[in-house]
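K.L.:
Quick one: this structure, given as structure tokens, is what I'll be asking you about.
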Amino acid sequence: MIARLINHHLRLTNDDEQYRRIYLNCASAMLLAANNVFFLFYNTVLDFYPPLVYAHLTTLAIVCYTQYLLFVRKKACMSAVLLTCVIFLLTHFYMFDEGNREYALIFGLITPVVAIALLPRKISLPAIAIQFAVFNYFMLSHMDVWQPAEDNFASYINLVVVWITLAIIIWYFDASRLHAYRKMNEANLKLEKLAMTDSLTGVFNRHYIERRIANSTRPFHVAMIDVDNFKMVNDQFGHVAGDNVLKGIADVLTQSFASVGIVGRWGGEEFIVLLTEGDSEDIYHLTEQARAKVATTNFEIKAPVSISIGLAQHDLGDYEATLRKVDKALYSAKSEGKNRIVSTFRY
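Going by the numbering used here, the first residue of the sequence shown is number 1, and it counts up by one from there.
Now the structure itself:
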């Protein structure tokens, strides 16, 4: 219910920086209102006591006004400050009125927790310092008149109310902390994926592929792939069609090499495949199957689509030398008529 109110009136979601404090503002107001309604009933019907009746009525009116400030006037900080002040005044009035009985003093623990939960740090720290000074004044100036808590239902209710209030606020803080950690981890995973993924095709990007080659610890094969006549595809059918062709080829390559390596986009219409499993003969035949599959795939343009492939083996030496070898093989495949494979190794 609170989440819907915040979303409807303030247009905030749980990802917003202010959402947690505003949620706690509303929840604290509801909890305070419920407590005051209960104690208003208790001090009116069960144990009539006019000072606390007036205090609870005044508190209810101010609590309603804090939510008016929050949801209508959109003044979240003012609402939080006023709500904290109300809690401070009500709890300390009760402590004073009860003559510092032990069960009344425990209400002094509520204000600092609420201040931390509701207020920005630059306001909450001074507020806590002021409350701490007042709280200590109450205790030290009345030490000679401290009264033990009576063993009755009122003492029990007071302790239960404070326990529930603090437990709810601390539970929400912990839940929101876990939610924030989950969101942060999800964001980090997305950023990590974006840092290594080509945005158009969804395969790995050049930076990630170069890092994998440079950090390799065992030999593997490299396939450099170029889309034949891709400029003609863009010129004749448009860049949207060209992008769709690149995405389609990326899908074919990913499916073809999923069990033996990883596919990346090298740039423009060039792809690269790091083939980490299988011997040279298996690699060549698998690459030939991928080439043939691209040639027979319908890319929804009225023109044939094919790829040329250069194959080379990386032997844990200078990876730039490997790239030069595979580039040379790709150039040979293009110059020899395209839609073919040229390998730098025998099998």
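Heads up, the beta-carbon is just placed ideally off N, CA and C, and yes, glycines get one too. Nothing here was measured: the structure is a model prediction, and the numbers come from that model.
Can you confirm whether Val114, when its beta carbon is compared against all beta carbons of chain C, has any partner nearer than 8 Å?
P.N.:
Included in the structure is just one protein chain, with no chain C present.
K.L.:
Roughly how many angstroms lie between the CA atoms of Ile307 and Glu281, to the nearest whole one?
P.N.:
By 1-based counting over the sequence shown, the position of residue 307 is 307. By 1-based counting over the sequence shown, the position of residue 281 is 281. If you take the alpha carbons of Ile307 and Glu281, they lie about 20 Å apart.
K.L.:
Please determine, among Asp315, Asp243 and Gly278, the residue with the shortest C-alpha to C-alpha distance to Arg218.
P.N.:
By 1-based counting over the sequence shown, the position of residue 218 is 218. Among Asp315, Asp243 and Gly278, the Cα nearest to that of Arg218 is on Asp315.
K.L.:
Kindly provide the ranges of any alpha helix (DSSP H) runs that are 4 or more residues long and lie completely inside the segment 280–342, ordered along the chain.
P.N.:
Listed in chain order, the complete alpha helix (DSSP H) runs (minimum 4 residues) inside the segment 280–342 are 280–296 and 319–335.
K.L.:
Among all the DSSP beta bridges, which residues are the ones paired with Met224?
P.N.:
Position 224 of the sequence shown, counting from 1, holds the residue named residue 224. Its beta-bridge partners are Ile272 and Gly310.
K.L.:
Relative to the alpha-carbon of Ala292, which residue among Ile262, Tyr319, Ser259 and Val227 has its alpha-carbon at the smallest distance?
P.N.:
Position 292 of the sequence shown, counting from 1, holds the residue named residue 292. Answer by Cα proximity: Val227.
K.L.:
Under 6 Å Cβ to Cβ from His221, same chain only, skipping five residues before and after it: list those, please.
P.N.:
The residue labelled residue 221 in the question sits at position 221 within the sequence shown. Only Leu275, Ile283 and Gln313 meet the Cβ criterion.
K.L.:
I'd like the ranges of any beta strand (DSSP E) spanning at least 3 consecutive residues and lying wholly in the segment 10–70.
P.N.:
DSSP runs (the beta strand (DSSP E)) wholly in the segment 10–70: none.
K.L.:
Given a cut-off of 8 Å, decide if Phe96 and Phe138 are closer than it, judged by their beta-carbon atoms.
P.N.:
Along the sequence shown, read from residue 1 onward, the residue named residue 138 stands at position 138. Along the sequence shown, read from residue 1 onward, the residue named residue 96 stands at position 96. It is a contact, given that the beta carbons lie within the stated cut-off.
K.L.:
Tell me, to the nearest whole angstrom, how far the beta carbon of Val252 is from that of Glu277; I am working on the premise that it is less than 8 Å.
P.N.:
For this step, residue 252 is matched to residue 252 along the sequence shown. For this step, residue 277 is matched to residue 277 along the sequence shown. With 8 Å as the limit, Val252 and Glu277 do not qualify as a contact, their Cβ atoms being about 19 Å apart.
K.L.:
With respect to the alpha helix (DSSP H) encompassing Val203, which residues constitute its N-terminal and C-terminal limits?
P.N.:
Position 203 of the sequence shown holds residue 203. Neither: Val203 is in no alpha helix (DSSP H) and is coded neither H nor E.
K.L.:
Going by DSSP in three states, Val113 sits in which element: helix, strand or coil?
P.N.:
For the purposes of this step, residue 113 is taken as residue 113 along the sequence shown, with counting starting at 1. Of the three classes helix, strand and coil, the one that applies to Val113 here is helix, per DSSP.
K.L.:
For Leu348 and Met184, which I take to be in contact (beta-carbon distance under 8 Å), what is that distance rounded to the nearest angstrom?
P.N.:
Lying outside 1 to 347, the shown extent of the chain, residue 348 is not represented and no answer is given.
K.L.:
Alpha carbon to alpha carbon, what distance is there between Gln67 and Pro50?
P.N.:
Counting from one through the sequence shown, the residue named residue 50 turns up at place 50. Counting from one through the sequence shown, the residue named residue 67 turns up at place 67. Looking at the two C-alpha atoms, the distance is approximately 26 Å.
K.L.:
Could you check the C-alpha separation between Glu320 and Val233 for me, to the nearest Å?
P.N.:
The residue given as residue 320 occupies position 320 in the sequence shown. The residue given as residue 233 occupies position 233 in the sequence shown. The straight-line gap from Cα to Cα measures roughly 31 Å.
K.L.:
Between the segment 42–57 and the segment 104–116, can you find at least three pairs of beta-carbon atoms closer than 8 Å?
P.N.:
No, the segment 104–116 does not touch the segment 42–57.
K.L.:
Buried or exposed: where does Asp279 fall if 16 or more other Cβ atoms within 10 Å of its Cβ makes it buried?
P.N.:
By one-based count along the sequence shown, residue 279 stands at place 279. Looking at its Cβ environment, which holds fewer than 16 other Cβ atoms inside 10 Å, Asp279 is exposed.
K.L.:
In its own chain, which residues sit with a C-beta less than 8 Å from the C-beta of Asn35, not counting the 5 before and 5 after it?
P.N.:
One-based indexing of the sequence shown puts residue 35 at position 35. Counting only Cβ-Cβ distances below 8 Å, and skipping sequence neighbours, we find Val161 and Thr165.
K.L.:
Who are Ile87's beta bridge partners in DSSP?
P.N.:
Mapped onto the sequence shown, residue 87 falls at position 87. Answer by DSSP bridge pairing: none, since Ile87 is not bridged.
K.L.:
Any idea if Trp266 is buried or exposed, counting beta-carbon neighbours within 10 angstroms, 16 or more meaning buried?
P.N.:
Start at 1 with the first residue of the sequence shown, and residue 266 comes out as number 266. Classification of Trp266: buried, given that the 10 Å Cβ count is 16 or more.
K.L.:
Among the candidates Asn229, Thr58, Ile301 and Ala187, whose CA atom is the shortest distance from the CA of Lys338?
P.N.:
The residue labelled residue 338 in the question sits at position 338 within the sequence shown. Comparing Cα positions, the closest option is Asn229.
K.L.:
Among Ala133, Thr322 and Phe93, whose alpha-carbon lies nearest the alpha-carbon of Val273?
P.N.:
Residue 273 sits at position 273 when you count from the first residue of the sequence shown. Nearest of Ala133, Thr322 and Phe93 to Val273, Cα basis: Thr322.
K.L.:
Rounded to whole angstroms, what is the Cα-Cα separation between His9 and Ile169?
P.N.:
In the sequence shown, counting from the first residue as 1, residue 9 sits at position 9. In the sequence shown, counting from the first residue as 1, residue 169 sits at position 169. Using only the alpha carbons, I get a separation of about 23 Å.
K.L.:
Tell me whether the beta-carbon of Tyr208 lies closer than 8 Å to the beta-carbon of Gly268.
P.N.:
For the purposes of this step, residue 208 is taken as the residue at position 208 of the sequence shown. For the purposes of this step, residue 268 is taken as the residue at position 268 of the sequence shown. No, the pair does not count as a contact, with Cβ atoms beyond the cut-off.
K.L.:
Let's see if you can read the secondary structure: which residues bound the alpha helix (DSSP H) around Val134?
P.N.:
Sequence index remark: in the sequence shown, residue 134 carries index 134 (1-based). Note, Val134: alpha helix (DSSP H), Arg121 to Ser141.
K.L.:
Nearest by alpha-carbon distance to Glu17: which of Val305, Gln236, Trp163 and Ser176 is it?
P.N.:
Looking up residue 17 in the sequence shown gives position 17. Of the listed residues, the one whose Cα sits closest to Glu17 is Ser176.
K.L.:
Tell me which same chain residues have a C-beta within less than 7 Å of the C-beta of Asp243, skipping the five on either side of it?
P.N.:
As a first step, residue 243 must be located in the sequence shown, where it is residue number 243. Result list for Asp243: Leu200, in chain order.
K.L.:
Taking the beta carbon of Asn215 as the centre, do at least 16 other beta carbons fall within 10 Å, making it buried, or is it exposed?
P.N.:
On the sequence shown, position 215 is the one that residue 215 refers to. That one is exposed.
K.L.:
Going by DSSP, what residues sit across from Gly108 in a beta bridge?
P.N.:
Along the sequence shown, read from residue 1 onward, the residue named residue 108 stands at position 108. For Gly108, which the question treats as bridged, DSSP gives no partner whatsoever.
K.L.:
Quick one: give me the first and last residue of the beta strand (DSSP E) that Val263 is part of.
P.N.:
Position 263 of the sequence shown, counted from the first residue, corresponds to residue 263. Start and end: Gly261 to Gly267.
K.L.:
Which value, in whole angstroms, describes the spacing of the CA atoms of His179 and Ile2?
P.N.:
Locating residue 179 in the sequence shown gives position 179, counting from the first residue. Locating residue 2 in the sequence shown gives position 2, counting from the first residue. Using only the alpha carbons, I get a separation of about 17 Å.
K.L.:
In the structure shown, what three-state DSSP assignment does Glu197 receive?
P.N.:
Mapped onto the sequence shown, residue 197 falls at position 197. Note on residue identity: the sequence assigns Thr, not Glu, to residue 197. Strand, per DSSP.
K.L.:
May I ask you to report which of helix, strand or coil DSSP gives Glu277?
P.N.:
To locate residue 277, count along the sequence shown from 1; it is residue 277. It is coil, neither helix nor strand.
K.L.:
Between the C-alpha atoms of Thr197 and Arg73, what's the straight-line distance to the nearest angstrom?
P.N.:
Your numbering for residue 197 matches position 197 in the sequence shown. Your numbering for residue 73 matches position 73 in the sequence shown. Straight-line Cα distance between these residues: approximately 45 Å.
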